[in-house]
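Residue numbers (this note's numbering): 1 to 265. Ideal Cβ positions, reconstructed from N, Cα and C, are used throughout, including at glycine. Below: one structure, written as structure tokens.
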């Protein structure tokens, strides 16, 4: 039975290609038999063949029960995304892109007794050029100080992610890192009451190199030769997510757990 005093959130790690969509489908069916979520959020920047998202994939993920979809540096990989992103009503691109970039960097949803703001920021260490994510969050928070803030910080460097978590501590209810596709073991409550994890992980083939085909990846590692990254379609499926419950009155996470599930072929 759902607790009306808490907001129950499922945040799913980077969905990588068809394998990731399949693992998300299996896991959501299983989880919904035993749990009830107010919000399901997933990072989808790799959901269409490992690079970006398409309208068909967006619709498929919505049918799975994913309410909002965050992204990152791969959001523009499909050629039609720039002109079609307005059709992806529940997709959020990084908020710290410069003014004038299509799409939106946050979405708000109203519940009976609370307003939730879901936002996406992209790191700048070992990542494409973007505006400052720290100051971008400041501007968003100034506009919505009373909302409950849930943040996807999409970045390469753990140090930058940790710095962002501490910088937004007490203002964001939760900061969930994405991008590296490896679930980290540092999930915790920060000193001022925010939930933090450096990386939620991924959904995709467990028998791969962070979702990509092993042979393709090894060509780069062994021979330093260029090779196209292809999503691994075979092998055991992996599902990574984090589930947390937030007290609506205090806007603090009162319970959290990492989720890791495997599904054989």
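Under 8 Å by Cβ, that's how I've got residue i and residue j pegged, so tell me the actual separation to the nearest angstrom.
i: residue 160; j: residue 179; result: In fact, because the Cβ distance is near 11 Å, the residues do not count as touching under 8 Å.
i: residue 229; j: residue 212; result: 5 Å
i: residue 22; j: residue 237; result: 6 Å
i: residue 47; j: residue 72; result: Contact doesn't hold; Cβ gap of about 12 Å is too wide.
i: residue 241; j: residue 17; result: Contact doesn't hold; Cβ gap of about 17 Å is too wide.
i: residue 234; j: residue 183; result: Rounded, the Cβ-Cβ distance is 21 Å, inconsistent with contact.
i: residue 177; j: residue 146; result: Not quite, the Cβ-Cβ distance comes to about 25 Å (not below 8 Å), so this is no contact.
i: residue 168; j: residue 208; result: The pair is not a contact, with the Cβ atoms about 32 Å apart (cut-off 8 Å).
Which residue wins for smallest C-alpha separation from residue i, given the options the options?
i: residue 119; options: 261, 97, 19 and 6; result: 97
i: residue 84; options: 58, 73 and 64; result: 58
i: residue 126; options: 187, 263 and 154; result: 154
i: residue 197; options: 76, 165 and 224; result: 165
i: residue 210; options: 187, 232 and 80; result: 232
i: residue 187; options: 258, 214 and 245; result: 258
i: residue 35; options: 102, 9 and 152; result: 9
i: residue 190; options: 214, 163, 201 and 202; result: 163
i: residue 100; options: 82, 42, 7 and 264; result: 82
i: residue 76; options: 63, 44, 107 and 65; result: 44
i: residue 50; options: 80, 202 and 90; result: 202
i: residue 108; options: 102, 80 and 69; result: 69
i: residue 185; options: 6, 89 and 256; result: 256
i: residue 65; options: 250, 102 and 11; result: 11
Going straight from the alpha carbon of residue i to that of residue j, what length do you get?
i: residue 78; j: residue 61; result: 17 Å
i: residue 1; j: residue 40; result: Since pLDDT at residue 1 reaches only 48, below the 50 mark, its modelled position is unreliable, and the value read off the structure follows with that caveat. If you take the alpha carbons of residue 1 and residue 40, they lie about 17 Å apart.
i: residue 138; j: residue 95; result: 11 Å
i: residue 24; j: residue 171; result: 30 Å
i: residue 29; j: residue 122; result: 30 Å
i: residue 87; j: residue 67; result: 15 Å
i: residue 192; j: residue 149; result: 14 Å
i: residue 243; j: residue 112; result: 21 Å
i: residue 227; j: residue 221; result: 10 Å
i: residue 114; j: residue 254; result: 16 Å
i: residue 144; j: residue 110; result: 13 Å
i: residue 181; j: residue 173; result: 22 Å
i: residue 15; j: residue 135; result: 28 Å
i: residue 52; j: residue 204; result: 15 Å
i: residue 26; j: residue 262; result: 10 Å
i: residue 223; j: residue 216; result: 11 Å
i: residue 128; j: residue 74; result: 10 Å
i: residue 247; j: residue 4; result: 9 Å
i: residue 206; j: residue 152; result: 23 Å
i: residue 38; j: residue 141; result: 22 Å
i: residue 32; j: residue 124; result: 36 Å
i: residue 158; j: residue 117; result: 24 Å
i: residue 104; j: residue 130; result: 15 Å
i: residue 132; j: residue 106; result: 16 Å
i: residue 291; j: residue 218; result: Nothing about residue 291 can be reported from this structure: the residues present for the chain run from 1 to 265 only.
i: residue 91; j: residue 63; result: 14 Å
i: residue 175; j: residue 214; result: 31 Å
i: residue 7; j: residue 102; result: 30 Å
Name the DSSP beta bridge partners of residue i, please?
i: residue 256; result: 244
i: residue 261; result: 239
i: residue 8; result: 245
i: residue 110; result: 115
i: residue 42; result: 12 and 69
i: residue 231; result: 212
Does any CB atom of chain B fall closer than 8 Å to the CB of residue i?
i: residue 213; result: No chain B appears in the structure shown, which is made up of a single protein chain.
TODO: Note down, one range per segment and in chain order, each alpha helix (DSSP H) of at least 4 residues found wholly within the region 116-154.
DONE: Correct list: 133-143.
TODO: Counting only runs of 4+ residues fully inside the region 146-220, write out the alpha helix (DSSP H) ranges in chain order.
DONE: Listed in chain order, the complete alpha helix (DSSP H) runs (minimum 4 residues) inside the region 146-220 are 158-167.
Open item on the list: To test your reading of the DSSP string, which unbroken alpha helix (DSSP H) runs of 4 or more residues are found completely within the region 45-100?
Closed with: Secondary structure remark: continuous alpha helix (DSSP H) runs of at least 4 residues inside the region 45-100, in chain order: 55-63 and 81-84.
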